[in-house]
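Working notes for the structure below.
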Amino acid sequence: EAEVAQSPRYKITEKSQAVAFWCDPISGHATLYWYRQILGQGPELLVQFQDESVVDDSQLPKDRFSAERLKGVDSTLKIQPAELGDSAMYLCASSWTDHDTGELFFGEGSRLTVL
Amino acid sequence: AQRVTQPEKLLSVFKGAPVELKCNYSYSGSPELFWYVQYSRQRLQLLLRHISRESIKGFTADLNKGETSFHLKKPFAQEEDSAMYYCARSGGSQGNLIFGKGTKLSVKP
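So, in structure tokens, the structure goes:
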């Protein structure tokens, strides 16, 4: 069964270092989402792609976060420099389309700890 | 701002008891409502959506536009229902989702 793949599963870094997370969506899914989930909270959208284009990055802290999906398939989320408050689970999800709110398929997530 | 409120962080019931997980959403047009579930050591997955009007694993949820609620119900809870449950609504025009903070359901034997 096709699944969203994410790596790394766990990342421990020191503040001011750079970190990167990778996501490979389900084949054929045009829409890709990065969510951040702080402990005890629900997932919050950081950025949404439709193919290779960003369609919503209004909640992405652009001074330190960047995201790309160059070929409209896999995606990378980068944080530079990392801060203590960035410790969270970073979830990637994909769906067939953004034309209507369909089912989002989530990856297992990348848990970031910033020391 | 569009919001989803799940007032209970933790709900603990005994096996066989009825369960209701509450969800309220901020009114904005005609949102689509969803319940997502995350079982221990599994990824977040869709449980049900209001437009389907279906029962999944014995769970149902009715959209009450007057009360802006979308409570999740099951008449007889099972131990395997223990999980984190997130209510979500459609966000902006881009098809993304806004999630509540989640309710942890614990079903005791």
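Top to bottom, those sequences are chains A and B.
Letter by letter, the first sequence follows residues 750 to 864 in the working numbering.
Letter by letter, the second sequence follows residues 949 to 1057 in the working numbering.
Glycine included, every Cβ here is placed at the ideal spot set by N, Cα and C.
Are the beta-carbon atoms of residue i and residue j separated by less than 8 angstroms?
| i | j | result |
| --- | --- | --- |
| A/ASP805 | A/LEU794 | yes |
| A/TYR782 | A/GLN797 | yes |
| A/TYR839 | A/LEU853 | no |
| A/CYS863 | A/SER836 | One point to set straight first is that residue 863 of chain A is Val, not Cys, in the sequence displayed. Yes, the Cβ-Cβ distance between A/VAL863 and A/SER836 is below 8 angstroms. |
| A/GLN866 | A/TRP771 | The first residue shown for chain A is 750 and the last is 864, placing residue 866 of chain A beyond what the model contains. |
| B/SER1038 | B/PRO979 | yes |
| B/TYR1058 | B/GLN993 | Chain B is shown from 949 up to 1057; residue 1058 of chain B falls before or after that span and cannot be answered. |
| B/LYS1052 | B/LYS963 | no |
| A/LEU861 | A/VAL768 | yes |
| A/PRO757 | A/SER859 | yes |
| A/CYS841 | A/SER824 | yes |
Considering Cα atoms alone, identify which of the options is closest to residue i.
| i | options | result |
| --- | --- | --- |
| A/VAL803 | A/SER756, A/GLY789, A/ASP812 and A/ALA779 | A/ALA779 |
| B/GLU1027 | B/TYR973, B/GLU956, B/SER988 and B/SER1038 | B/SER988 |
| B/SER1030 | B/ASN1044, B/GLY1014, B/GLU980 and B/LEU969 | B/LEU969 |
| B/THR1008 | B/SER976, B/GLU980 and B/LEU995 | B/LEU995 |
| B/HIS998 | B/ASN1044, B/CYS1035, B/LYS1049 and B/THR1051 | B/CYS1035 |
| B/PRO1063 | B/LEU1053, B/ARG1037, B/LYS1021 and B/LYS1052 | The structure shown does not extend to residue 1063 of chain B, since chain B is modelled only from 949 through 1057, so no value can be given for it. |
| B/SER976 | B/TRP983, B/ARG1001 and B/GLN950 | B/GLN950 |
| A/PRO792 | B/HIS1019, B/LYS1049 and B/SER1054 | B/LYS1049 |
| B/LYS1015 | B/GLY964, B/CYS971, B/LYS963 and B/GLN993 | Inspection of the sequence shows that residue 1015 of chain B is occupied by Glu rather than by Lys. The residue with the shortest Cα to Cα distance from B/GLU1015 is B/CYS971. |
| B/TYR973 | B/PHE1047, B/LYS963 and B/VAL1055 | B/PHE1047 |
| A/LEU833 | A/VAL753, A/ALA751, A/ILE761 and A/GLU752 | A/ILE761 |
| A/ALA751 | A/ASP800, A/GLY858, A/GLN790 and A/SER776 | A/SER776 |
| B/LYS1005 | B/PHE1024, B/HIS1019 and B/PRO1057 | B/PHE1024 |
| B/GLN954 | B/SER1003, B/TYR1033 and B/SER1054 | B/TYR1033 |
| B/LYS1013 | B/GLY1043, B/GLU1002 and B/LEU981 | B/LEU981 |
| A/GLY821 | A/PRO830, A/ASP812 and A/TRP845 | A/TRP845 |
| A/ASP812 | A/GLN799, A/LYS764, A/GLY856 and A/PRO830 | A/PRO830 |
| A/LYS764 | A/ILE828, A/GLU857 and A/GLY856 | A/ILE828 |
| B/VAL952 | B/GLU1002, B/LEU1045, B/SER1003 and B/SER960 | B/LEU1045 |
| A/GLU817 | A/SER807, A/ASP800 and A/GLN808 | A/ASP800 |
| A/LEU809 | A/GLN790, A/LEU788 and A/TYR784 | A/TYR784 |
| A/GLY856 | B/GLN986, B/LEU959, B/LYS1056 and B/SER960 | B/GLN986 |
Show which residues of chain B have a CB atom less than 7 angstroms away from the CB atom of residue i.
| i | result |
| --- | --- |
| A/PRO792 | PHE1047 |
| A/GLU857 | ARG991 |
Using a C-beta to C-beta distance shorter than 9 angstroms, which residues of chain B count as neighbours of residue i?
| i | result |
| --- | --- |
| A/GLU852 | PHE982, GLN993, LEU994 and ARG997 |
For residue i, go through chain A and note every residue whose CB falls closer than 7 angstroms to its CB, in chain order.
| i | result |
| --- | --- |
| B/ASN1044 | TYR782, LEU794, GLN797 and ASP805 |
| B/GLY1050 | GLY791 |
Which residues in chain B have a C-beta closer than 8 angstroms to the C-beta of residue i? List them in chain order.
| i | result |
| --- | --- |
| A/LEU840 | LEU992 |
Select from the stretch 813-836 of chain A all residues with a C-beta closer than 9 angstroms to any C-beta belonging to chain C, and list them in chain order. Absence of chain C from the displayed structure is noted, the protein chains being A and B.
Name the residues in the stretch 949-979 of chain B whose C-beta lies less than 7 angstroms from a C-beta of chain A; which are they? For chain A, none of the residues of the stretch 949-979 of chain B brings a beta carbon within less than 7 angstroms of one of its beta carbons.
Any residues in the stretch 1025-1036 of chain B with a beta carbon nearer than 9 angstroms to a beta carbon of chain A? Which ones, in chain order? So the list reads TYR1034, CYS1035 and ALA1036, given in the order they occur along the chain.
In chain order, which continuous runs of the beta strand (DSSP E) of length 3 or greater are located wholly inside the stretch 970-1051 of chain B? 981-986, 993-997, 1008-1012, 1017-1022, 1031-1038 and 1045-1047
At which residue ranges does the stretch 752-777 of chain A contain complete beta strand (DSSP E) runs of 3 or more residues, listed in the order of the chain? 754-756, 759-762 and 768-773
Report the start-end ranges of each beta strand (DSSP E) in the stretch 805-836 of chain A that is 3 residues or longer and not cut off at the edges. 814-817 and 824-828
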